[in-house]
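Enquirer: Numbering (the working numbering), first residue to last: 825 to 993.
1. For residue 828, name the three-state secondary structure that DSSP assigns.
2. According to DSSP, which residues form a beta bridge with residue 970?
3. Note down, in chain order, each residue of its chain lying with its Cβ closer than 6 Å to the Cβ of residue 906, except the 5 sequence neighbours on either side.
4. Need the endpoints of the alpha helix (DSSP H) that residue 902 sits in, please.
5. Quick check: residue 944 and residue 967, are their CB atoms within less than 8 Å of each other?
6. Quick check on DSSP: helix, strand or coil for residue 951?
7. If you reduce the DSSP assignment to three classes, tell me which class residue 854 lands in.
8. Flag this pair as yes or no: are the beta carbons of residue 896 and residue 983 separated by less than 8 Å?
9. With residue 920 as the anchor, note down where its beta strand (DSSP E) starts and where it stops.
10. Considering Cα atoms alone, identify which of 993, 868 and 910 is closest to residue 961.
11. CB of residue 867 to nearest heavy atom of the ligand PLP: below 7 Å?
12. For residue 844, I'd like the list of residues in its chain whose CB is within less than 8 Å of its CB, leaving aside the five on either flank, ordered along the chain.
13. Assuming residue 928 contacts residue 903 (C-beta within less than 8 Å), just tell me the rounded distance between them.
14. Which stretch, first to last residue, makes up the beta strand (DSSP E) that contains residue 975?
15. In this structure, how does DSSP classify residue 883 when only helix, strand and coil are distinguished?
16. Which same chain residues end up closer than 8 Å to residue 910 when comparing Cβ atoms and leaving out the 5 residues on each side of it in sequence?
Rendered as structure tokens:
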């Protein structure tokens, strides 16, 4: 009976070993969870970095020609002034100027440039720069009555504001 009693009684060394093994398993589970969390965090960081790089590349692509198009603005201004000076009467010179101006505007538009000619539109401080105000004289108060210099947007970013005269309220 003593033998059976010995089999039923717990072995303190075995219990201690089992507890140590259990503690070691719990520690390993904790370390595994930490490694999983670190891997998820690293994956998220890599994904964010990939998105940031893609966004930067897209911005660089959209605005790569900003300098060139900005340097062409005085050419647009000169062609526009030449057309005004040529008057409304048709002539080979005027027709040639107008065709050149339209072709240049088309190439620029194909590259994201948008002309701002806001005559008659409400004044927009995000796209227009008021250089003076005049009495409304039939124009809607706060509207653009004259454009001194046309403005331009490049892919929705202001490249140059339109210089305008605004009707007083």
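Even glycine gets a Cβ: it sits at the ideal position worked out from N, Cα and C.
Expert: If we stick to the structure as given:
1. With a pLDDT of only 49 at residue 828, under the threshold of 50, the placement of this residue in the model should not be trusted; the figure read from the coordinates follows. Correct three-state label for residue 828: helix.
2. 989
3. 921
4. 890-910
5. yes
6. coil
7. helix
8. no
9. Premise fails: residue 920 lies in the alpha helix (DSSP H), 916-934, not in any beta strand (DSSP E).
10. 993
11. By its list of ligands, the structure shown contains no ligand whatsoever, and the ligand PLP lies outside what it can speak to.
12. none
13. 7 Å
14. 975-978
15. helix
16. 917, 918 and 921
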